[in-house]
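Working notes, beginning with the structure itself.
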Amino acid sequence: MRAIVIRHGKVDFQWKKWSTSEQFNKDCQMYDEAPIYLLLSNGIRINYQDIYISTLQRSRDTAKQLFGERDFIPTKLLDEVPLCASIISNKKLPLIFWNISARLQWFFNIHSQKECRKETVYRAEQFINMIAEKEKDCIIVTHGFFMHTLLSQMKEQAFKISNTKLSYSNGEFVIAER
């Protein structure tokens with residue numbers, strides 16, 4: 002079985018460098034709703050029947066740009082790990098603070114985030130079990146942060162992962178096989 006895991010296209014959104022917790026939460030929502038830039042062809046011309054996408058629009062838009070109009074299989078199991086302010090503050094704090102503190106809360110399973118690491122791992126496991134049952138080659142269009150958890154869990158379930166990195170560029174893909 003072969004799965005091609007693709008990170009969605011670049012999002013047309015400019016984060017505020019400094020914001021209050023309320024503004025950061027609004028920016029997170031606006032990012033989720035923002036369109037993507039046009040992707041340049043990166044050589045992916047594969048005619049797999051099953052193309053899984055997250056329920057976030059940027060995942061669908063990426064799949065449409067890469068594979069044209071066709072039936073995709075949307076699932077919340079591939080959605081990005083939600084991000085929200087780690088504390089409530091009317092004081093403007095730098096974007097890096099909001100990103101790092103929220104991801105640390107996620108990592109340490111602190112439930113002030115909308116989803117903790119244990120829940121993300123469980124979601125990834127559910128998705129892997131779903132595609133493993135079918136035992137068909139597939140394409141997966143997902144998100145940067147979630148992609149790390151998904152690939153890690155695929156590795157644990159005997160997938161060989163090509164080209165693992167600390168960070169995946171928009172539109173970049175990885176091949177997972179078992």
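Each residue of the sequence shown is one higher than the one before, starting from 2 at the first, in my numbering.
C-beta atoms are modelled at their ideal positions from N, C-alpha and C, and glycine is treated no differently.
What's the C-alpha gap between residue i and residue j?
{"i": "S170", "j": "I5", "result": "15 Å"}
{"i": "E178", "j": "T150", "result": "16 Å"}
{"i": "T56", "j": "I74", "result": "9 Å"}
{"i": "S102", "j": "V12", "result": "22 Å"}
{"i": "K89", "j": "Q50", "result": "A small fix is needed here, since residue 89 is Ile in this sequence, not Lys. Spanning the two alpha carbons is a distance of roughly 45 Å."}
{"i": "D138", "j": "W107", "result": "31 Å"}
{"i": "V136", "j": "N164", "result": "Per the sequence presented here, residue 136 reads as Glu, with Val not at that position. Roughly 22 Å separates the two Cα atoms."}
{"i": "L167", "j": "N26", "result": "25 Å"}
{"i": "Y38", "j": "K92", "result": "32 Å"}
{"i": "S113", "j": "K119", "result": "14 Å"}
Could you tell me if residue i is buried or exposed, where buried requires 16 or more neighbouring beta carbons within 10 angstroms of its beta carbon?
{"i": "H144", "result": "buried"}
{"i": "H9", "result": "buried"}
{"i": "R59", "result": "buried"}
{"i": "E109", "result": "Strictly speaking, residue 109 in this sequence is Phe, with Glu absent from that position. Exposed, since its Cβ has fewer than 16 Cβ neighbours within 10 Å."}
{"i": "D62", "result": "buried"}
I'd like to confirm the pairing. Which residues does DSSP put opposite residue i in its beta bridges?
{"i": "T21", "result": "Note: T21 sits in no beta bridge, so no partner."}
{"i": "T143", "result": "R8"}
Could you tell me the boundaries of the beta strand (DSSP E) in which residue i lies?
{"i": "E178", "result": "F174 to E178"}
{"i": "D51", "result": "D51 to I54"}
Contact defined as beta carbons within less than 8 Å: I believe residue i pairs with residue j. What is the distance between those atoms, to the nearest angstrom?
{"i": "T21", "j": "Y53", "result": "Actually they are not in contact, since the Cβ atoms of T21 and Y53 sit about 36 Å apart, beyond 8 Å."}
{"i": "L79", "j": "F14", "result": "20 Å between Cβ atoms; not a contact."}
{"i": "K18", "j": "P95", "result": "7 Å"}
{"i": "T121", "j": "F147", "result": "7 Å"}
{"i": "D33", "j": "W16", "result": "About 13 Å separates the two Cβ atoms, so there is no contact after all."}
What span of residues does the alpha helix (DSSP H) with residue i cover, start to end?
{"i": "I129", "result": "R118 to K135"}
{"i": "Q15", "result": "Taken as a continuous stretch (DSSP letters only), Q15 belongs to no alpha helix (DSSP H), as it is neither H nor E."}
{"i": "R104", "result": "L96 to F108"}
{"i": "D62", "result": "Q58 to F68"}
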